[in-house]
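See structure below.
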Amino acid sequence: MAVVTTDVNCTEGNQSSCRRQHVKLYDHRTHNIDRLRYAVALYDWSYIKGATYITIMYNCFLAALSQLLHDNIPVNVIRLGVRDPPFITPFIKQLLCKRNKLRRRGKTSKANTLAVKINSLIIQSRSQSLSKLSEATSNQLWVAAKTSFSSKNGNSTLVDRILSDVDKVNEYFAGISYLPQCAGGFSSSVRFASLNDDLYINDFELEPYLQRLRPTAPRLDAIPSWFLCKCSYELAV
Numbered sequence: 000m001a002v003v004t005t006d007v008n009c010t011e012g013n014q015s016s017c018r019r020q021h022v023k024l025y026d027h028r029t030h031n032i033d034r035l036r037y038a039v040a041l042y043d044w045s046y047i048k049g050a051t052y053i054t055i056m057y058n059c060f061l062a063a064l065s066q067l068l069h070d071n072i073p074v075n076v077i078r079l080g081v082r083d084p085p086f087i088t089p090f091i092k093q094l095l096c097k098r099n100k101l102r103r104r105g106k107t108s109k110a111n112t113l114a115v116k117i118n119s120l121i122i123q124s125r126s127q128s129l130s131k132l133s134e135a136t137s138n139q140l141w142v143a144a145k146t147s148f149s150s151k152n153g154n155s156t157l158v159d160r161i162l163s164d165v166d167k168v169n170e171y172f173a174g175i176s177y178l179p180q181c182a183g184g185f186s187s188s189v190r191f192a193s194l195n196d197d198l199y200i201n202d203f204e205l206e207p208y209l210q211r212l213r214p215t216a217p218r219l220d221a222i223p224s225w226f227l228c229k230c231s232y233e234l235a236v
């Protein structure tokens, strides 16, 4: 979701140190989210549900979500430079630019109020970065253990035995994708469905999982996790 460009004043030898990022920042204010939820609720999904192949259905579903997102949520482009500290998120950078404009116009009191909000957001950002660092350390230990087992045994027999327990592997990665308060597992009728049976999930089972997705970066589908969280009820129904 970020477009990286190079400063025009950079020479060919130091382009790597002069790169700037142009980041798309979605406007998450309540009235925009309400407009998005309303559009999702009224959208005609019949042509997607009637698709013959699952691949066509999935591609049409992603295209519909992208169009709904583009039509209902305004986007601001924020420029992040190489001198910006790691705790300066695109949202904080946007507020800093707004604070500077207020000060240039002589609106000191509004600028000071906004500065207090920016300081609290910076504290929150640094706290979250530390918590993510601890989670990343645990994930690296899991990968390191997997690599160690492979190298010591000269083959992947032990690793294959660990990964053969599909439920354990799914449970591990579900802990990465979902927040801790998410209820564990779908109903028994879904979990133990036969391979020859049609898989059916009730909307009341799917909605909590959409609502409790972790705020991670978009994958190849380019659909942000907050879209699925904010519109969890409309998408599940």
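Heads up, the sequence shown is in numbering that gives the first Met the number 0, so the first residue is 0 and it goes up one at a time. Glycine residues also receive a C-beta, built at the ideal position from the N, C-alpha and C atoms. Here the structure is a predicted model, which is why all the values come from computation and not from measurement.
| Asked | Found |
| --- | --- |
| Thinking C-alpha only, which one of 109, 77 and 43 is nearest residue 66? | 43 |
| With DSSP collapsed to three states, give me the class of residue 229. | helix |
| Residue 21 lies in the beta strand (DSSP E); which residues open and close that run? | 18 to 25 |
| Mind checking residue 25: buried by the 16 CB within 10 Å criterion, or exposed? | buried |
| Give the straight-line distance between the Cα atoms of residue 71 and residue 201, rounded to the nearest whole angstrom. | 28 Å |
| Have a look at residue 34 and residue 82 and give me their C-alpha separation to the nearest angstrom. | 37 Å |
| Could you give the distance in angstroms between the alpha-carbon of residue 89 and the alpha-carbon of residue 23? | 8 Å |
| How many angstroms separate the CA atom of residue 227 from the CA atom of residue 40? | 13 Å |
| With H, G and I counted as helix, E and B as strand and the rest as coil, what does DSSP make of residue 77? | strand |
| May I ask which residues mark the beginning and end of the alpha helix (DSSP H) holding residue 53? | 53 to 71 |
| Could you name the residues of the same chain whose beta carbon sits closer than 8 Å to that of residue 38, not counting the 5 residues immediately before and after it, in chain order? | 67, 70 and 71 |
| How about residue 85 and residue 128: are their beta carbons less than 8 Å apart? | yes |
| Using CA atoms only, rank isn't needed, just tell me which of 63, 234 and 52 is closest to residue 220. | 63 |
| For residue 234, I'd like the list of residues in its chain whose CB is within less than 7 Å of its CB, leaving aside the five on either flank, ordered along the chain. | 39, 209 and 227 |
| For residue 152, does the three-state DSSP call read helix, strand or coil? | Residue confidence is low: residue 152 scores 49 on pLDDT, short of 50, so the model does not pin down where it sits. Its coordinate-derived value is still stated next. Helix. |
| By the three-class DSSP mapping on this structure, what secondary structure does residue 99 have? | helix |
| Let me confirm a value: residue 229 is counted as buried when at least 16 other C-beta atoms fall within 10 Å, else exposed. Which label applies? | buried |
| Considering only the alpha carbon of each residue, which of 96, 103 and 36 lies closest to residue 286? | Here the chain covers residues 0 to 236 and nothing more, so residue 286 does not appear. |
| Using the three-state DSSP reduction, which class does residue 89 fall into: helix, strand or coil? | helix |
| Within its chain, find whatever has a CB closer than 7 Å to the CB of residue 231; leave out the 5 residues flanking it on each side and keep chain order. | 206, 209 and 210 |
| Can you find the residues in the same chain that come closer than 6 Å, C-beta to C-beta, to residue 124, ignoring five residues on each side of it along the sequence? | 86 and 88 |
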